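Novice: Counted the way the numbering used here counts, the sequence shown spans residues 37 to 357.
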Amino acid sequence: MGSSSSKPEFIMVLAYKQVKSGETITLCCKASTEHVTATWKKNDRKLCCVEDKHFVEKEATKFSLKIVSAEEADDGKYTINLKNCKGEISCSSHVRVELMEWRKLDLNRERLFNTLKTFKICNEVPELHFLLYGPVGAGKSSTINTIRTIFEGHQYIECLAAALSEKSQTKYFDRFEVPKEMGSFPFAFYDIMGLQANKGVHTNDIISALKGHMKAGYMCTPKTPLSDDSKYYLKSPSLSDQMHCLLCIIPADTFGLMGNDFLEQFKTVSEATRNLGVPEAVLMTKVDKACVMTRDCLRNIYKSKKIREKMREYSSSLVSQ
Numbered sequence: 037m038g039s040s041s042s043k044p045e046f047i048m049v050l051a052y053k054q055v056k057s058g059e060t061i062t063l064c065c066k067a068s069t070e071h072v073t074a075t076w077k078k079n080d081r082k083l084c085c086v087e088d089k090h091f092v093e094k095e096a097t098k099f100s101l102k103i104v105s106a107e108e109a110d111d112g113k114y115t116i117n118l119k120n121c122k123g124e125i126s127c128s129s130h131v132r133v134e135l136m137e138w139r140k141l142d143l144n145r146e147r148l149f150n151t152l153k154t155f156k157i158c159n160e161v162p163e164l165h166f167l168l169y170g171p172v173g174a175g176k177s178s179t180i181n182t183i184r185t186i187f188e189g190h191q192y193i194e195c196l197a198a199a200l201s202e203k204s205q206t207k208y209f210d211r212f213e214v215p216k217e218m219g220s221f222p223f224a225f226y227d228i229m230g231l232q233a234n235k236g237v238h239t240n241d242i243i244s245a246l247k248g249h250m251k252a253g254y255m256c257t258p259k260t261p262l263s264d265d266s267k268y269y270l271k272s273p274s275l276s277d278q279m280h281c282l283l284c285i286i287p288a289d290t291f292g293l294m295g296n297d298f299l300e301q302f303k304t305v306s307e308a309t310r311n312l313g314v315p316e317a318v319l320m321t322k323v324d325k326a327c328v329m330t331r332d333c334l335r336n337i338y339k340s341k342k343i344r345e346k347m348r349e350y351s352s353s354l355v356s357q
């Protein structure tokens, strides 16, 4: 098939591979001619083959790379370049190595439900308050809708979501309970305008909400924070009026595109949160758009190297030094 005078073309290209740790990775392709020189690369650099680890083979027009005992370091983009005197051509594919679960995920829904149903707080604080905060379109409102849907057993949509919009759909500081058979669970979620350069929630409004000064129903205005003479300003908030946890909702697929203004605001709020002694957590959304492994199966989230790297990136980027 083919001759030494023809420019190489691919009859079959490299395919995406996802393997478990310890398995063998096999990448192969077919060309239109066998009269070529093949070069393998990993992450755009020449592949350094290790004895008894990498096996490069050529059988007529079929070219293959075998990697035994897959490990985390084998994860990456692999490229084969075929070249002869008439020209060259290349193709690439990604290899994803499932890690051993680096965080255990409790999938026993009934046990989790029972824990929350029997959860009790002290008399001084009848319910825990969670403030959701993050950029426009990150999924703050969708998170609340999802929580309500899970506990109510049917589709719940009350918070307007801005997933496909550049403007925050949340204008008011709103409170959402999670109802149960008798009353509601002892926690409530507070939604506020999304973070957006020059158009989103004011940093001082986030801090006022954390301290308990902001009443539900307050309409956020980007350039003018809540004033102490507003009817929505609570002058002497008690512990039960304050926020007890700040949930930073961060989209996994677009976090790297955020500018310095976003990061500085996050850090300012994070520092204020720590000074108030309020616990802070980061909830990563849209993981299926950031990682093929989680897109195919969300249960792989704690086996994904990419998700683990993003979690570490968020931790170092969002925390004020």
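Beta carbons are placed, not taken as given, at the ideal position from N, Cα and C, and that holds for glycine. This structure is a prediction, so every number in the text was calculated from the model and none was measured.
Spatial neighbours of Glu59 within its chain, please: C-beta separation below 7 Å, excluding the five flanking residues on both sides.
Specialist: What you label residue 59 is simply residue 23 of the sequence shown in a count that begins at 1. So the list reads Ala106, once near-sequence residues are dropped.
Novice: Grouping DSSP H, G and I as helix and E and B as strand, with all else coil, what is Glu188?
Specialist: Position 152 of the sequence shown holds residue 188. Glu188 falls in the helix class under three-state DSSP.
Novice: State the beta-bridge partners of Cys158 as determined by DSSP.
Specialist: As a position in the sequence shown, residue 158 is number 122, starting the count at 1. Answer is none; Cys158 lacks a bridge partner.
Novice: Counting Cβ pairs closer than 8 Å, one from the region 318-326 and one from the region 169-182, do we hit at least three?
Specialist: yes
Novice: What number of angstroms, rounded off, separates the C-alpha of Ser126 from the C-alpha of Arg132?
Specialist: On the sequence shown, position 90 is the one that residue 126 refers to. On the sequence shown, position 96 is the one that residue 132 refers to. About 20 Å.
Novice: Could you work out which residue in Thr115, Leu283, Lys78 and Arg81 is closest to Phe46 when comparing CA atoms only?
Specialist: Stepping through the sequence shown from its first residue, residue 46 is reached at position 10. Residue Thr115 is the option with its Cα nearest to Phe46.
Novice: Please report how far the alpha carbon of His130 lies from the alpha carbon of Val49, in whole angstroms.
Specialist: Locating residue 130 in the sequence shown gives position 94, counting from the first residue. Locating residue 49 in the sequence shown gives position 13, counting from the first residue. Taking the straight line from one Cα to the other gives about 12 Å.
Novice: Just reading off the beta strand (DSSP E) that Phe302 is part of, what are its end residues?
Specialist: Taking the sequence shown and counting its residues from 1, the one referred to as residue 302 is at position 266. Element bounds for Phe302: not the beta strand (DSSP E) but the alpha helix (DSSP H), Asn296 to Asn311.
Novice: In the DSSP output, what is Gln278 paired with across the bridge?
Specialist: The sequence position of residue 278 within the sequence shown is 242, counting from 1. DSSP, once it has assigned bridges, lists no residue as partnering Gln278.
Novice: Using three-state DSSP, classify Met136 as helix, strand or coil.
Specialist: Working through the sequence shown from its first residue, we reach residue 136 at position 100. Looking at Met136 - three-state DSSP - the assignment turns out to be coil, as it is neither helix nor strand.
Novice: Taking Cβ positions, are Ala252 and His165 nearer each other than 8 Å?
Specialist: Taking the first residue of the sequence shown as position 1, residue 252 is located at position 216. Taking the first residue of the sequence shown as position 1, residue 165 is located at position 129. No, they are not a contact pair.
Novice: Report the residue from Asp142, Lys259, Thr97 and His71 whose alpha carbon sits nearest the alpha carbon of Cys65.
Specialist: By one-based count along the sequence shown, residue 65 stands at place 29. Ranking Asp142, Lys259, Thr97 and His71 by Cα distance to Cys65 puts Thr97 first.
Novice: Contact between the region 154-162 and the region 72-86: three or more CB pairs below 8 Å?
Specialist: Segments in contact, no.
Novice: Would you check if there are 3 or more beta carbon pairs closer than 8 Å linking the region 239-250 to the region 258-266?
Specialist: When Cβ pairs closer than 8 Å are counted between the two stretches, the region 239-250 is seen to touch the region 258-266, the count reaching three or more.
Novice: Using alpha carbons as the reference points, say which of Ser353, Arg184 and Ser352 lies closest to Ser220.
Specialist: Position 184 of the sequence shown, counted from the start, is the residue given in the question as residue 220. Closest by alpha carbon: Arg184.
Novice: Note down the Cα distance separating Leu200 from Arg211, rounded to an integer number of angstroms.
Specialist: Here residue 200 refers to the residue found at position 164 when the sequence shown is read from its first residue. Here residue 211 refers to the residue found at position 175 when the sequence shown is read from its first residue. Bear in mind that the predicted position of Leu200 carries a pLDDT of just 45, short of 50, making it too unreliable to give a figure here.
Novice: Just the Cα atoms here: how many angstroms apart are Cys284 and Gly170?
Specialist: For the purposes of this step, residue 284 is taken as the residue at position 248 of the sequence shown. For the purposes of this step, residue 170 is taken as the residue at position 134 of the sequence shown. The alpha-carbon atoms of Cys284 and Gly170 are separated by roughly 6 Å.
Novice: Assuming Tyr268 and Ala245 form a contact by the criterion Cβ under 8 Å, report the distance between their Cβ atoms to the nearest whole angstrom.
Specialist: For the purposes of this step, residue 268 is taken as the residue at position 232 of the sequence shown. For the purposes of this step, residue 245 is taken as the residue at position 209 of the sequence shown. No, Tyr268 and Ala245 are not in contact; Cβ-Cβ is about 11 Å, not under 8 Å.
Novice: Would you report the Cα separation of Trp138 and Glu349, rounded to the nearest angstrom?
Specialist: Position 102 of the sequence shown, counted from the first residue, corresponds to residue 138. Position 313 of the sequence shown, counted from the first residue, corresponds to residue 349. CA-to-CA, the gap between Trp138 and Glu349 works out to about 16 Å.
Novice: Per DSSP, what kind of secondary structure is Glu124 in: helix, strand or coil?
Specialist: Within the sequence shown, the letter at position 88 stands for residue 124. The answer is strand: DSSP assigns Glu124 an E or B state.
Novice: So that I know if they touch, is there some Cβ in chain D lying closer than 8 Å to that of Ile186?
Specialist: No chain D is part of this structure, which consists of one protein chain only.
Novice: Under three-state DSSP, which class holds Ser201?
Specialist: By one-based count along the sequence shown, residue 201 stands at place 165. At Ser201, the pLDDT of 48 sits below 50, so the modelled position is not reliable; the number obtained from the coordinates is stated separately. Residue state, collapsed to three classes: coil.
Novice: Any idea if Ser274 is buried or exposed, counting beta-carbon neighbours within 10 angstroms, 16 or more meaning buried?
Specialist: The sequence position of residue 274 within the sequence shown is 238, counting from 1. The residue in question, Ser274, is exposed, as its Cβ has fewer than 16 Cβ neighbours within 10 Å.
Novice: With distance defined between alpha-carbon atoms, name the residue in Gln54, Leu143 and Ile180 nearest to Val214.
Specialist: For the purposes of this step, residue 214 is taken as residue 178 along the sequence shown, with counting starting at 1. For the residues Gln54, Leu143 and Ile180, the minimum Cα distance to Val214 belongs to Ile180.
Novice: By the 10 Å Cβ neighbour count, where 16 or more other Cβ atoms means buried, how is Thr309 classified, buried or exposed?
Specialist: Against the sequence shown, residue 309 aligns to sequence position 273. Thr309 comes out buried.
Novice: Give the single residue among Thr290, Val305, Tyr254 and Phe298 whose Cα lies nearest to the Cα of Cys281.
Specialist: Within the sequence shown, the letter at position 245 stands for residue 281. Considering only alpha carbons, the answer is Val305.
Novice: Which same chain residues end up closer than 8 Å to Leu299 when comparing Cβ atoms and leaving out the 5 residues on each side of it in sequence?
Specialist: For the purposes of this step, residue 299 is taken as the residue at position 263 of the sequence shown. Excluding sequence neighbours, Leu299 sits near Ser353 and Leu354.
Novice: Could you tell me which uninterrupted alpha helix (DSSP H) segments, each at least 4 residues in length, are contained entirely in the region 311-357, listed from first to last along the chain?
Specialist: 323-326, 328-332 and 341-354
Novice: Would DSSP call Lys153 helix, strand or coil?
Specialist: Taking the sequence shown and counting its residues from 1, the one referred to as residue 153 is at position 117. Lys153: helix per DSSP, three-state reduction.
Novice: For Gly123 and Leu83, I'd like the C-alpha separation in whole angstroms.
Specialist: The residue given as residue 123 occupies position 87 in the sequence shown. The residue given as residue 83 occupies position 47 in the sequence shown. Taking the Cα positions, Gly123 is about 21 Å away from Leu83.
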